[in-house]
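In full-length UniProt numbering, the protein residues as written are 1 to 321.
Heads up, the beta-carbon is just placed ideally off N, CA and C, and yes, glycines get one too.
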Amino acid sequence: MGGNIARRLMDAGHECTVFDTSDKAREALQQDGAESADSLQALVEGLPAPRSIWLMLPAGDITETTISQLSDMLEPGDTLIEGGNAFFKDDVRRARELRQKDLHYVDVGVSGGVWGRERGYCLMIGGEKEIVEGLDPIFATLAPGAGDIDKTPGREAERFDPRAEVGYLHCGPVGSGHFVKMVHNGIEYGMMQAYAEGFDILKNRNLETLPEDERYDLDLADIAELWRRGSVISSWLLDLTSIALSEDHDLEQYTGKVNDSGEGRWTIEAAIEEAVPASVLTSALFTRFRSRSDNTYGEKLLSAMRQQFGGHVETPMSPTK
């Protein structure tokens, strides 16, 4: 996703200097017009001050280590933008630590997956107002724009932020961007689970244990395509479901072992902290845990949707993951 973020910026005329530990990834971006740095130090030295450096790394130790290294290289007034799926409480702590060195920190929840370069990215942003506004040209370029979505009635009032209508929003202080993205992904779990269970019911309507005159051999790819057209449950996830079923009706390339990348768990933790009932989201998360030992067609569809929107490939998981 980081590579395509850089490409979308360059497509619009922005100049990007990039670093990746993979020589192949750096070379590919260089061929697309980026300046390539062969180390973090070279990246910092290759940017004019005040610098803005956008990180796209998996949540956890690699992000912590990279931010720590950069904080010793950067100068007062520079900004770190964390665009991975970080835990919002980590953002708050990091911003506090960086503030002691007069460095700014912006957290950006990014939704768009492997399709973002063409479709744009929905951006949920947390940070200091002045710093976020200074980065607006970047966010405006990455966002999808208003497109052909009808304007919501009643949004003419000045109290509404017009940026939301084009796909990005300054949600509030540091951590709020990743908090909103975290809940977004928790909801995503629930929506995906609903589709998976529904299609599982459709698929199993041809069981021999059912009365013969109540059995239906349904074409799930056609039903997914049908529901995309005017149905109240149409969505981009349904679009991706239709693609997956058209490519592989029986989903034979998937095991049905569905990973989770952290945000669903964090969403449930937040619900517990706030004493908010979240039975659907909790059930969807627990179903992913169960899927790693016993798989259904619905879970294969969950795995297919994850690959379609995010390029997530099934990987062996330990019982605690």
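**OP:** Give the straight-line distance between the Cα atoms of residue 318 and residue 162, rounded to the nearest whole angstrom.
**Re:** Per-residue confidence for residue 318 stands at a pLDDT of 47, beneath the threshold of 50, marking its modelled position as unreliable; the derived number appears in the next sentence. Going by the C-alpha atoms only, they are around 44 Å apart.
Subject >> Closer than 7 Å: residue 274 CB and nearest the ligand FMN heavy atom >> reply: By its list of ligands, the structure shown contains no ligand whatsoever, and the ligand FMN lies outside what it can speak to.
**OP:** Excluding the 5 residues preceding and the 5 following residue 76 in the sequence, name in chain order all residues of the same chain whose CB lies nearer than 8 Å to its CB.
**Re:** 101, 102, 103
**OP:** Work out the CA separation of residue 130 and residue 292 for me, nearest whole Å.
**Re:** 46 Å
Original post:
Does the pairing of the region 65 to 74 with the region 18 to 27 give three or more beta-carbon distances under 8 Å?
Top reply: no
**OP:** Report the three-state DSSP secondary structure of residue 168 (helix, strand or coil).
**Re:** strand
Original post:
Out of curiosity, what's the CA-to-CA distance linking residue 90 and residue 251?
Top reply: 38 Å
Original post:
How would you write the range of the beta strand (DSSP E) that residue 107 sits in, first residue to last?
Top reply: 104 to 111
**OP:** Determine, using beta-carbon pairs with one atom in the region 230 to 243 and one in the region 190 to 200, whether at least three such pairs fall under 8 Å.
**Re:** yes
Subject >> Residue interval of the beta strand (DSSP E) (run including residue 54) >> reply: 52 to 55
Subject >> Contact set for residue 223: own chain, Cβ-Cβ below 7 Å, skip 5 residues either direction >> reply: 202
**OP:** Please go through the same chain and pick out, in chain order, the residues whose beta-carbon is closer than 7 Å to the beta-carbon of residue 200, but skip the five residues on each side of it.
**Re:** 296, 297, 298
**OP:** Name the two residues that bound the continuous beta strand (DSSP E) containing residue 330.
**Re:** This structure cannot speak to residue 330, because the chain is shown only from 1 to 321.
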